[in-house]
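K.L.:
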Amino acid sequence: MDPVKRTVTLLSLCQAVFNTGQAMLMLTAGLVGYQMLGENPTLATMPISTMVVGTAMATIPASLLMGRFGRRNGFTIGNGIAFLGAAIAALGVSIGGMPGFAAFCVATFCLGSANGFAQHYRLAAADVAKGDFKPKAISYVLAGGVVAAFVGPEIVVRTVDMIPETRFLGTFFALIGVQFVSLALIRTLDLPRPTAAELRETPRPLGEIARQPTFIVACLSSMIGFSLMSLLMTATPIAMVEQFHHALDDTKTVIQWHAFAMFFPSFFTGAIIARFGVVNVILAGIVFMVGSVGFAATDTNVLHFWMAMFLLGLGWNFMFVGGSTLLTESYRVSERPKAQAFHDFAVFGLVALSSLSSGALLQFLSWQAVSLGAIPFLVVVTLAVVWLAWRRRAAPSPA
Numbered sequence: 199m200d201p202v203k204r205t206v207t208l209l210s211l212c213q214a215v216f217n218t219g220q221a222m223l224m225l226t227a228g229l230v231g232y233q234m235l236g237e238n239p240t241l242a243t244m245p246i247s248t249m250v251v252g253t254a255m256a257t258i259p260a261s262l263l264m265g266r267f268g269r270r271n272g273f274t275i276g277n278g279i280a281f282l283g284a285a286i287a288a289l290g291v292s293i294g295g296m297p298g299f300a301a302f303c304v305a306t307f308c309l310g311s312a313n314g315f316a317q318h319y320r321l322a323a324a325d326v327a328k329g330d331f332k333p334k335a336i337s338y339v340l341a342g343g344v345v346a347a348f349v350g351p352e353i354v355v356r357t358v359d360m361i362p363e364t365r366f367l368g369t370f371f372a373l374i375g376v377q378f379v380s381l382a383l384i385r386t387l388d389l390p391r392p393t394a395a396e397l398r399e400t401p402r403p404l405g406e407i408a409r410q411p412t413f414i415v416a417c418l419s420s421m422i423g424f425s426l427m428s429l430l431m432t433a434t435p436i437a438m439v440e441q442f443h444h445a446l447d448d449t450k451t452v453i454q455w456h457a458f459a460m461f462f463p464s465f466f467t468g469a470i471i472a473r474f475g476v477v478n479v480i481l482a483g484i485v486f487m488v489g490s491v492g493f494a495a496t497d498t499n500v501l502h503f504w505m506a507m508f509l510l511g512l513g514w515n516f517m518f519v520g521g522s523t524l525l526t527e528s529y530r531v532s533e534r535p536k537a538q539a540f541h542d543f544a545v546f547g548l549v550a551l552s553s554l555s556s557g558a559l560l561q562f563l564s565w566q567a568v569s570l571g572a573i574p575f576l577v578v579v580t581l582a583v584v585w586l587a588w589r590r591r592a593a594p595s596p597a
């Protein structure tokens, strides 16, 4: 196999295993919080929020560590943090109550921090790919999440009552096992470091990089696509199970197909970008997001939840792959660590805010109001993308 394709395949497998753990956590974290908090569930989504805060806080250190010690060593550090988080999560669930909830929030912070490292799987693929294969490499790595879409929730359903005295404890023991598989894959990676000539390029100040229209739209597409996905997906298990009394099995199915819609298009997204252009792909993602809001706001039966989450996953894929592709057009090799760090910090900072507000909005407003709150943000990113498209038509040279 071609070395570049072999590396991209391994990165996709690493993404698949890591996302399996993330899918397990996203399905259970809000429910575990709800279980521990009892009659005061306002902060039930706090574990998801601390997870995303952990991601945001790890993005800059992860990027700088990888720039200094290499991608593989950076991924290994992230895996060690994930081991720690899974172990603390199991401990928190076994304790229960407010002390257990506090420990569980620490655990999800650690697991989120590990995600700050794992976000570089797609960027590592972009590093080794050249030309038209670059967007395809990014999307192929994200396609690894298709496995996670079904395996992660299935593990949850099969382990949730594995230890009858403590619901969800078996799930987090299984999550520890997932980290062992992840480590084995990481150590097979062979990722080249930048050449001396590439590193000799004079890096521009971060402010100059961040003022480029391409960089601005890359950040907005990734930030808004990811944060709206987090806002609605975080609220979905609680809304379905606790507010509208749907079965956990139905909720599992909705989350599985949401995750499938997030990652399966990645088998094609890179080719679609090459055929129709990254701007048009981001605009298509916005259309999918609007469709998701429409289904979420009009009814609360299982079919409407399914359609809303499926379209939400498609919208996330097009907006995030599109944003990541635009990002790679905006920096030189010598600027890579700080540009990627700024982008991912901005993305997960907003995602943290959206997930933190999700539980409170759901508690004090309604599922429909949470859904409709996405519309103003979609208007903003639409105007930004149209602005970039106009600039590119007016001046064919790269923005």
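This note's numbering numbers the first residue of the sequence shown as 199 and each following residue consecutively. C-beta atoms are modelled at their ideal positions from N, C-alpha and C, and glycine is treated no differently.
(1) Would you tell me roughly how many angstroms separate the C-alpha atoms of A494 and W455, rounded to the nearest one?
(2) Across the stretch 423-436 and the stretch 300-317, are there enough close Cβ pairs to call them in contact, namely three or more that are closer than 8 Å?
(3) Applying the 10 Å Cβ sphere with the 16-neighbour rule, what's the burial state of M296?
(4) On a Cα-Cα basis, can you pick out the residue from L340, T274 and L563 that is closest to N515?
(5) Answer yes or no: do A459 and G511 have a C-beta to C-beta separation smaller than 8 Å?
(6) What separation, rounded to the nearest whole angstrom, lies between the Cα atoms of V578 and G368?
(7) Rounded to the nearest angstrom, what separates T400 and A472 at their Cα positions?
(8) Using a Cβ-Cβ distance cut-off of 8 Å, determine whether L581 contacts chain D.
(9) Do A335 and A324 have their CB atoms nearer than 8 Å?
(10) Suppose you measure from the CA of V344 to the CA of Q377; what does that come to, to the nearest Å?
(11) Out of curiosity, what's the CA-to-CA distance linking D330 and S522?
(12) Please check the pair G283 and A305, which I expect to be a contact at CB under 8 Å, by giving their CB distance rounded to whole angstroms.
(13) Between which residues of its own chain and A537 is the CB-CB distance below 6 Å, once the five residues before and five after are set aside?
(14) Would DSSP call E533 helix, strand or coil?
(15) Among L560, I480, M517 and L524, which has the Cα closest to the Cα of F442?
(16) So P297 is in the alpha helix (DSSP H); what residue range does that whole segment cover?
(17) If you draw a straight line from the C-alpha of T207 to the C-alpha of F518, how long is it?
(18) For K328, which three-state DSSP category applies?
(19) Runs of 4 residues minimum, wholly inside the stretch 223-262: which ones carry the alpha helix (DSSP H) assignment?
(20) Is the distance from the Cβ of L509 to the Cβ of G489 below 8 Å?
(21) Helix, strand or coil: how does DSSP classify P596 here?
(22) Starting from V358, follow the alpha helix (DSSP H) in both directions and report where the run begins and ends.
(23) Pick out the complete alpha helix (DSSP H) segments inside the stretch 463-509, 4 residues or longer, and give them in chain order.
(24) With distances taken from CA atoms, which of W585, L241, Y232 and I384 is nearest A416?
(25) If contact is defined by three or more beta carbon pairs under 8 Å, each pair taking one atom from either stretch, is the stretch 267-285 in contact with the stretch 371-391?
(26) Measuring only the C-alpha atoms, how far is L223 from T449?
P.N.:
A quick look at the data gives this:
(1) 15 Å
(2) no
(3) exposed
(4) Nearest neighbour of N515 by Cα position, chosen from L340, T274 and L563, turns out to be L340.
(5) yes
(6) V578 and G368: Cα-Cα distance of roughly 43 Å.
(7) 30 Å
(8) You won't find chain D in this structure, because it holds only one protein chain.
(9) yes
(10) Distance from the CA of V344 to the CA of Q377, rounded to the nearest whole angstrom, comes to 18 Å.
(11) 14 Å
(12) 5 Å
(13) I407 and Y529
(14) helix
(15) For the residues L560, I480, M517 and L524, the minimum Cα distance to F442 belongs to L560.
(16) First-last of the alpha helix (DSSP H) with P297: G295 to A316.
(17) 20 Å
(18) coil
(19) none
(20) yes
(21) Any reading at P596 must be qualified, since the residue scores a pLDDT of 46, below 50, and its modelled position is unreliable; no value is offered.
(22) That residue, V358, is in no alpha helix (DSSP H); it is neither H nor E in DSSP.
(23) 464-474 and 476-496
(24) W585
(25) Because the criterion of three Cβ pairs below 8 Å is met, the stretch 371-391 and the stretch 267-285 touch.
(26) 14 Å
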